[in-house]
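Residue numbers (my numbering): 479 to 909. Here a beta-carbon is modelled for each residue, glycine too, at the ideal position from N, C-alpha and C. Fair warning: this is a prediction, and the values are worked out from it, not measured in the lab.
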Amino acid sequence: MERLRKCFFFMVLITLSLMAFYPVWSEVSVALLFVVGIGARGIVGSPAIDRKTSVLPLLMLTFFVLTTVSLLHSYDKLAGLDNLHTYLPFAVLPILMLYYRKELSDNKILLLKVASGGILAVSALCLILAVIRSLYIVDGQLVFNPYVSYRNQFVYTYLSVFQYTNTFAMMAVFVVAVMLWALFNRNVKRRWLVYSSIGLAILMIFLLSSRTNVYALFAVLYYSVLVFYIRYKKLVHSLLLLVGVTGLFWVFQTCNYRVMNLSKTVTSYITEEDITMDNGYVIKHPENIENVNIRFRMWGTGLNLVSQYWKTGCGIGDYKDVLRISYLLDGVDEAYEKCYDQHNQYIETIGTMGILGLLVLMAILAYSLYLAWRERNYLLFCCLMILSLNMMLESMFNRYSGSLFFVVSLSLAALVGNDSQNKLQEDKVLE
């Protein structure tokens, strides 16, 4: 049994290190983790449930139960089963957390280091492959084509076995928050390693061009400047940091083509003036407002569905088909033709599970916010900003990687976010 427990902890490390890779890898790892974990502890023990540490995993389990109930009243149960598997982290990981709370808490710094290291390793490997893809032999000479590695947002996630753009960028923002937490709360010896990690993560976010996570990044950075000032009372340093973050924001706003074009799109939407995009495309307001108007129309379609299904939802197996038909009826042709999801997790949750599902999801976020406030938990608050913004603009639970990151990031942040003791000898943090 002791060997199984050691094997379980080894599987935890593997799962966290693979979190940023292709979903199939993490799915297999999580499945093995559950089997080994239950085999090592479930037969001889029972879950440790107490008021302080069990609320969050129990809420996540409740959310999964409601998702399963929504499957039962779906007409298309085969499609529902396929959709349900993306929610499995809400069941598997909370159960293991209830069984192994003490073991996970005792090794929380190691777990955080492995999770962050895995994301950084994927980022570095992705950049290397992007550079390789940019090299060509022309007339016997080696030529570097920066267009491939600098302009194409998709080259970084579809080169090999990496995640979707949005999920990958969200993980990179989480790494930035983790590294800043380490600077605030741990006596880090090798600060150059932390600064390098922050730089690599920010570069990855820039190149991935996930606009949602660009703004999530700067929400974390500006909040960090505020925390720095409150904690250290250094006005000049805080002002310099503020100027630096604002300068970085200007770089993103003027050099990242998707963020720049989004700004022009929003400007066109507000001023009702024609705007020429970076690629020469002219937006004529209000006939064709890409990226903004279509999303508003998609949300409008989803809200119409909510008005019909708010009590119990239409079921996880039927929602995608019902939504697509509604896109057609509402004239959102692009969303219909490309089978877009709702692009809003809050609307999608109430559409699939009804008002109770949304209330449980909001309870998860609200309780996490309560913990962050009560314990002055910087990392947990940053996680909430990242996740809340992504759920507002993406249906992140439609992907296994999105659900996995949601559960893992909140759980790790709740474990380590308030750990402000400098335990260099015990943990050797970030060395």
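| field | Nearest-angstrom Cα separation, counted from residue 703 out to residue 672 | value | If you take the alpha carbons of residue 672 and residue 703, they lie about 17 Å apart.
| request: Starting from residue 424, follow the beta strand (DSSP E) in both directions and report where the run begins and ends. | output: Here the chain covers residues 479 to 909 and nothing more, so residue 424 does not appear.
| task | Would you kindly work out how many angstroms separate the C-alpha atoms of residue 670 and residue 555, rounded to a whole number? | result | Residue 670 and residue 555 have their C-alpha atoms some 52 Å from each other.
| message | Can you tell me whether residue 767 is buried or exposed? The criterion is at least 16 other CB atoms within 10 Å of its CB, across all chains shown. | response | Because residue 767 carries a pLDDT of 48, less than 50, the predicted location of this residue cannot be relied on, and the following value inherits that uncertainty. A residue is called buried when at least 16 other Cβ atoms come within 10 angstroms of its Cβ; residue 767 meets this threshold and is buried.
| message | Extract the residue ranges of the alpha helix (DSSP H) inside the segment 647 to 700, only unbroken runs of 4 or more that lie entirely within it. | response | The segment 647 to 700 contains, as complete alpha helix (DSSP H) runs of 4+ residues, the segments 669 to 686 (chain order).
| field | Spatial neighbours of residue 834 in its chain, beta-carbon cut-off 7 Å, leaving aside the 5 residues before and after | value | Here residue 834 has 544 as same chain residues with Cβ atoms under 7 Å from its own Cβ, once five neighbours each way along the sequence are excluded.
| Should residue 655 go down as buried or exposed, given a rule of 16 or more other Cβ atoms within 10 Å for buried? | Buried is the label assigned to residue 655, since at least 16 other Cβ atoms lie within 10 Å of its Cβ.
| query | Taking the alpha-carbon positions, what's the residue 611 to residue 733 distance? | reply | Near 22 Å, if we compare the C-alpha coordinates of residue 733 and residue 611.
| Under a Cβ-count criterion, where at least 16 other Cβ atoms within 10 Å of its own Cβ denotes burial, should residue 776 be classed as buried or exposed? | When all chains shown are included, residue 776 counts as buried.
| Which of the three DSSP states, helix, strand or coil, is assigned to residue 823? | Reduced to three states, the DSSP call for residue 823 is helix.
| query | When the distance is taken between beta carbons, is residue 797 closer than 8 Å to residue 806? | reply | A distance of 8 Å or more separates the beta carbons of residue 806 and residue 797.
| query | What number of angstroms, rounded off, separates the C-alpha of residue 647 from the C-alpha of residue 889? | reply | In a straight line, the C-alpha of residue 647 is about 19 Å away from that of residue 889.
| request: Could you check what DSSP says for residue 765 in three-state terms: helix, strand or coil? | output: Reliability of the predicted coordinates at residue 765 is poor, the pLDDT of 46 falling under 50, and the value obtained from them is presented with this limitation in mind. It is coil, neither helix nor strand.
| request: Taking residue 719 as the reference, give the member of 589, 827, 705 with the closest Cα. | output: Of the listed residues, the one whose Cα sits closest to residue 719 is 705.
| query | To the nearest angstrom, how far is it from the Cα of residue 893 to the Cα of residue 620? | reply | Each residue's alpha carbon lies about 50 Å from the other.
| task | Go ahead and pull the three-state DSSP assignment for residue 620. | result | Note: residue 620 maps to strand in three-state DSSP.
| 4 or more residues per run - each alpha helix (DSSP H) lying fully within the segment 850 to 879 | Annotation: the segment 850 to 879 contains the following complete segments of the alpha helix (DSSP H) (minimum length 4 residues), in chain order: 856 to 871.
| request: Take the Cβ of residue 480 as the centre, count every other Cβ of all protein chains shown within 10 Å, and call the residue buried at 16 or more, exposed below. | output: The residue is exposed, with fewer than 16 neighbouring Cβ atoms inside 10 Å.
| said: Just to confirm my understanding: we take residue 638, look at its own chain, exclude 5 residues before and 5 after, and list those with CB closer than 7 Å. What are they? | reply: With a pLDDT of 42 at residue 638, under the threshold of 50, the modelled position of that residue is not reliable, and the figure given next carries that caveat. Only residues of its own chain outside the window of five on either side were considered, and among them 607 have a CB closer than 7 Å to the CB of residue 638, listed in chain order.
| N-terminal and C-terminal residue of the alpha helix (DSSP H) that residue 715 is part of | Start and end: 713 to 733.
| request: Report buried or exposed for residue 659, applying the criterion of at least 16 other Cβ atoms within 10 angstroms of its Cβ. | output: Looking at its Cβ environment, which holds 16 or more other Cβ atoms inside 10 Å, residue 659 is buried.
| field | residue 709 to residue 793 span [Cα, whole Å] | value | If you draw a straight line from the Cα of residue 709 to the Cα of residue 793, it is about 47 Å long.
| residue 822 versus 804, 872, 650, residue with shortest Cα-Cα distance | Checked all of 804, 872, 650; the closest Cα to residue 822 is 872.
| With distances taken between CB atoms, is the gap from residue 511 to residue 490 smaller than 8 Å? | Taking a C-beta distance under 8 Å as the contact criterion, residue 511 and residue 490 qualify as a contact pair.
| request: Please report how far the alpha carbon of residue 517 lies from the alpha carbon of residue 482, in whole angstroms. | output: Going by C-alpha positions, residue 517 is about 7 Å away from residue 482.
| From which residue to which residue does the alpha helix (DSSP H) around residue 583 run? | Taken as a continuous stretch (DSSP letters only), the alpha helix (DSSP H) holding residue 583 covers 579 to 584.
| query | For residue 860, which residues from the same chain have a beta carbon less than 6 Å from its beta carbon, with the 5 sequence-adjacent residues on both sides left out? | reply | If we look at residue 860 and ignore the five residues flanking it on each side, its Cβ neighbours are 655, 698.
| task | Check each candidate in 723, 722, 693 and name the one with the smallest Cα separation from residue 736. | result | The shortest Cα separation from residue 736 among 723, 722, 693 belongs to 693.
| task | Would you mind giving the Cβ-Cβ distance between residue 650 and residue 597, rounded to the nearest angstrom? I have them listed as a contact below 8 Å. | result | Distance from residue 650 to residue 597 at the Cβ level is roughly 6 Å; contact confirmed, criterion being Cβ atoms closer than 8 Å.
| field | Residue of 546, 876, 824 minimising C-alpha distance to residue 642 | value | Nearest to residue 642 by alpha-carbon distance, out of 546, 876, 824, is 876.
| request: Under the assumption that residue 700 contacts residue 723 (Cβ atoms under 8 Å), give the Cβ distance between them as a whole number of angstroms. | output: The pair is a contact, with the Cβ atoms about 6 Å apart (cut-off 8 Å).
| Who are the Cβ neighbours of residue 495 in its own chain at under 6 Å, not counting the five residues just before and after it? | The residues are 592, 596.
| field | Counted within 10 angstroms of its Cβ, other Cβ atoms place residue 602 as buried (16 or more) or exposed | value | Result: exposed.
| message | Once DSSP output is grouped into helix, strand and coil, what is the label at residue 788? | response | The DSSP-derived three-state label of residue 788 is coil.
| query | Between the beta-carbon of residue 534 and the beta-carbon of residue 887, is there less than 8 Å? | reply | No, the Cβ-Cβ distance between residue 534 and residue 887 is not below 8 Å.
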